[in-house]
Each structure stands twice: as C-alpha cells, then as structure tokens.
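Residues in the sequence shown are numbered consecutively from 186, following my numbering.
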Amino acid sequence: MTVDEIVVVENLVKKFKDIVAVDGISFTIKRGEIFALLGPNGAGKTTTIHIIATLLRPTSGRVFVGKYDVTKDPNKVREKIGIVFQDPSLDNQLTAYDNMYIHGRLYGLRGRELHEKIMKLLEFVDLKEYAHKQVRYFSGGMRRRLEIARSLLHEPELLILDEPTIGLDPQSRAKIWDYIRMLKKEHDMTILLTTHYMDEAEELADRIAIMDHGKIIALGTVEQLKAMLGKDVIYLTLEGNAKEFCKKLIFAKDCHVIGNNRIELLVDNAPRYLPEIFKIALTNNIGIREVSYRRPTLNEVFLHLTGRELRESSEETSSIIQRLPLRRRRSR
Ligand SMILES: Nc1ncnc2c1ncn2[C@@H]1O[C@H](COP(=O)(O)OP(=O)(O)O)[C@@H](O)[C@H]1O
Ligand SMILES: [Mg+2]
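Below you can see the structure in the form of structure tokens.
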C-alpha cells in the first residue's frame with residue numbers, strides 16, 4: 186500500500202452459503218479521487234462496500250483502509266470512514282438536528298463543538314433552515330442530503346455512498362452530484378460510490394470499476410473504458426471531394442460519404458486522430474467546415490463486455506411505470 190492509496194482490496198471473496206456475492210476482486214482507491222462501482226442489481230456492489238466499512242467479514246482476501254486491515258482493526262477503519270446506506274436510515278420522528286446530534290454523540294462528539302459542526306454541515310447541504318423540522322416532512326432529496334451531512338460529522342477521510350441518488354428526481358440528483366463534487370474539490374474528500382446509473386458514474390467518477398456477477402470486468406477512467414471498444418465515430422463536413430478525402434485517411438477503420446460533402450469515419454480514438462485529419466485536409470487543400478465526434482456510451486461498453494445492456498436511469502423509470510398493473514377502465 187502506498188501513501189497515496191486509501192483503500193486496497195486484494196482478491197476479495199464473499200460467499201453467502203452457496204451464493205458468491207463477490208468473486209475475487211482487487212482494486213485500489215487513491216486519496217482524493219471519486220471511485221465508482223458501477224453495475225446492475227445483484228452485481229455485488231453493496232456487499233463490497235459493507236466489507237470495506239467493516240459491516241461484513243470477507244470470506245477470503247484482504248482489505249485495507251489507510252494502513253488498517255478491516256478484520257484486524259475495525260475500530261480504526263470506522264474512524265476513517267463515513268457511510269450513507271442504500272436504504273434510508275434516518276429517524277423520521279426526530280428533527281434533522283437531532284438525527285445529527287445522536288450520530289455525533291455516538292462518535293464521542295459533544296457540547297459546543299458538536300453543535301457548531303451540526304450547523305455547519307446542515308448549512309453545507311442547504312438544510313440549515315430546516316434544522317428543527319421533523320424528518321418525516323422532508324423530500325427524498327432532503328433526506329439524502331441530511332444523511333450525507335450526518336456521515337461527515339466525525340470528519341472521515343473516506344466517504345462511502347451506496348446508490349446516492351436512487352429514486353430521486355433529476356433536480357435532486359443534480360444537487361447531490363454538486364455536493365459530491367464540492368466535497369472532492371473543496372474538502373479533498375475521497376469518495377467511493379456505488380451506482381447502477383451510467384450517467385452518474387460518467388458524471389462524477391475519476392475512475393470506474395464495472396462490476397457484474399461479483400467480478401470487476403473492467404476498470405479505468407471513462408475515457409479508458411470507452412477506448413476499449415475502439416469505436417469512435419468522427420463526422421466531418423467538407424469543402425471539397427469527400428470521397429477522395431476518405432481515401433487519404435488510411436488510419437480509419439471505416440470511412441464513407443453520408444451525404445452532401447459529409448463523411449463518417451470510424452477510428453479507435455478520435456482525439457488522437459483529429460490533428461492528423463486537419464493536417465491532411467490542409468495539405469490537400471480541402472476545407473473542413475464542421476467537425477464532431479461521438480464516443481461509445483458506457484452502455485455500449487457494458488454491452489460489449491457482457492452481451493447485456495445496463496439500462497439508463499430514465500429508461501428504468503419508464504420500465505417500472507410499464508410494469509405497474511393497468512387500472513381497469515371504469516365502464517360508463
Ligand atoms: N445477506 C445476504 N444473504 C444472502 N445473499 C445475499 C446477502 N446480501 C447480498 N446477497 C446476494 O449477493 C448478491 C450481491 O448483492 P449486492 O451486494 O446487494 O449487489 P448490488 O449492491 O450490486 O445490487 C446478490 O445475489 C444478493 O442476492
Ligand atoms: Mg446495492
């Protein structure tokens with residue numbers, strides 16, 4: 186383990202009787218990064234973070250947080266981490282303040298120091314004016330923000346968020362994303378999050394581990410994951426002979442004319458070839474009027490790796506709606 190690593194997971198396995206929830210995964214998280222475990226339901230994400238958070242014991246393999254082994258020094262590990270669970274864990278009958286207060290006392294905070302921390306954190310998540318309202322009146326987004334504030338009370342070095350925006354509306358999701366970014370940027374927080382939303386992983390994470398059936402099937406930056414497919418498409422609108430130009434782009438895996446002076450070419454890495462394309466245009470005296478490119482989506486990456494789709498959030502909502510039983514029409 187090097188000083189810039191805060192989490193090291195080595196050959197981690199977790200079995201529940203004959204179910205292999207985590208099947209021999211290894212990864213490290215660097216200080217100050219946002220690391221996402223991305224995968225469908227049942228992939229083993231929650232089990233993995235529960236082991237990191239010392240709530241479950243590994244069947245085999247080793248996990249370190251800081252320099253501490255989660256099975257040998259669980260108390261030291263707990264001091265270093267804050268966690269927001271997938272399922273809500275607030276007391277609805279209590280106020281926001283009191284939910285924070287009890288948590289603070291559990292961590293040995295008290296008095297003026299605790300009070301000031303609570304108010305500062307409630308302010309951070311824009312809930313100061315609701316400090317003395319009962320949580321049962323809060324929206325889903327407000328609850329999530331309160332849970333994040335609460336998890337920060339004991340000043341952890343690593344914040345673990347299990348599906349931080351599950352079930353939230355787009356505005357609330359965007360707000361949670363803002364706090365996560367702020368925590369990284371302004372407070373140097375290391376964040377480990379799990380999600381089954383590709384847009385969330387893409388939006389937030391410095392590095393993503395794609396999990397499926399208990400295994401990590403790919404790990405890297407969004408750019409690296411997309412580059413695995415080698416399928417960037419570049420669109421060019423030219424002033425000049427498009428067909429001739431295509432012939433000159435020998436590095437393209439495919440190139441064809443798709444209309445009025447417009448070409449579409451397939452390359453393994455668009456940013457790498459764009460300067461080359463401009464150079465060739467210049468030497469051949471062909472003007473480029475418009476250029477754009479698209480990289481594969483993370484869904485396409487997942488499809489490539491597993492042969493299945495990992496659905497986008499919006500699709501998922503609609504499929505849930507579709508699954509609702511239709512109410513029988515009242516006959517007139
Ligand atoms: N306490 C448990 N007992 C038995 N099986 C479990 C338990 N927790 C999780 N599992 C199983 O382990 C697998 C991974 O679950 P989980 O870690 O919750 O996945 P994810 O968070 O990616 O949806 C699933 O098949 C799940 O049913
Ligand atoms: Mg989960």
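Where a beta carbon is used, it is the ideal one built from N, C-alpha and C, also for glycine. Since we're looking at a predicted model, the values are computed, not measured.
Check whether the Cβ atoms of residue i and residue j lie closer than 7 Å to each other.
| i | j | result |
| --- | --- | --- |
| residue 219 | residue 376 | yes |
| residue 265 | residue 344 | no |
| residue 280 | residue 339 | no |
| residue 210 | residue 192 | no |
| residue 422 | residue 474 | yes |
| residue 379 | residue 200 | no |
| residue 206 | residue 232 | yes |
| residue 446 | residue 427 | yes |
| residue 478 | residue 393 | no |
| residue 320 | residue 260 | no |
| residue 328 | residue 291 | no |
| residue 269 | residue 194 | no |
| residue 384 | residue 224 | no |
| residue 341 | residue 267 | yes |
| residue 400 | residue 272 | no |
Using a Cβ-Cβ cutoff of less than 6 Å, which residues in the same chain neighbour residue i once the five nearest sequence positions on both sides are dropped?
| i | result |
| --- | --- |
| residue 480 | 411 and 417 |
| residue 313 | 307 |
| residue 262 | 239, 250, 253 and 255 |
| residue 429 | none |
| residue 391 | 218 and 219 |
| residue 512 | With a pLDDT of 41 at residue 512, under the threshold of 50, the modelled position of this residue cannot be trusted, and the question is left open. |
Any chance the CB of residue i is under 6 Å from a heavy atom of ligand 1?
| i | result |
| --- | --- |
| residue 333 | no |
| residue 289 | no |
| residue 237 | no |
| residue 206 | yes |
| residue 425 | no |
| residue 201 | yes |
| residue 226 | yes |
Quick check: is any heavy atom of ligand 2 less than 6 Å from the C-beta of residue i?
| i | result |
| --- | --- |
| residue 230 | yes |
| residue 271 | yes |
Which residues share a DSSP beta bridge with residue i?
| i | result |
| --- | --- |
| residue 356 | Bridge partners of residue 356: none, in fact. |
| residue 423 | 473 |
| residue 189 | In DSSP, residue 189 forms no bridge with anything. |
| residue 405 | 393 |
Report all residues from its chain with a CB closer than 7 Å to the CB of residue i; omit the five preceding and five following residues, and keep chain order.
| i | result |
| --- | --- |
| residue 187 | none |
| residue 362 | 388 and 389 |
| residue 500 | Reliability of the predicted coordinates at residue 500 is poor, the pLDDT of 42 falling under 50, and no value is obtained from them. |
| residue 189 | 215 and 216 |
Take residue i and list the residues in its own chain whose beta-carbon comes closer than 8 Å to its own, dropping the five residues that flank it on each side.
| i | result |
| --- | --- |
| residue 289 | 295, 299, 302, 303, 338 and 339 |
Segments of 3+ residues assigned as beta strand (DSSP E) that fall wholly inside the stretch 431-491: Taken in chain order, the unbroken stretches of beta strand (DSSP E) that lie wholly in the stretch 431-491 and span 3 residues or more are 439-442, 447-452 and 472-479.
3-residue-minimum beta strand (DSSP E) runs that sit fully inside the stretch 193-278, ordered along the chain: 204-215, 219-223, 245-250 and 266-269
Length at least 3, wholly inside the stretch 361-403: the beta strand (DSSP E) runs in chain order: 375-380 and 392-397
Residue ranges of each alpha helix (DSSP H) within the stretch 276-345, 4 or longer: 281-291, 296-309 and 325-336
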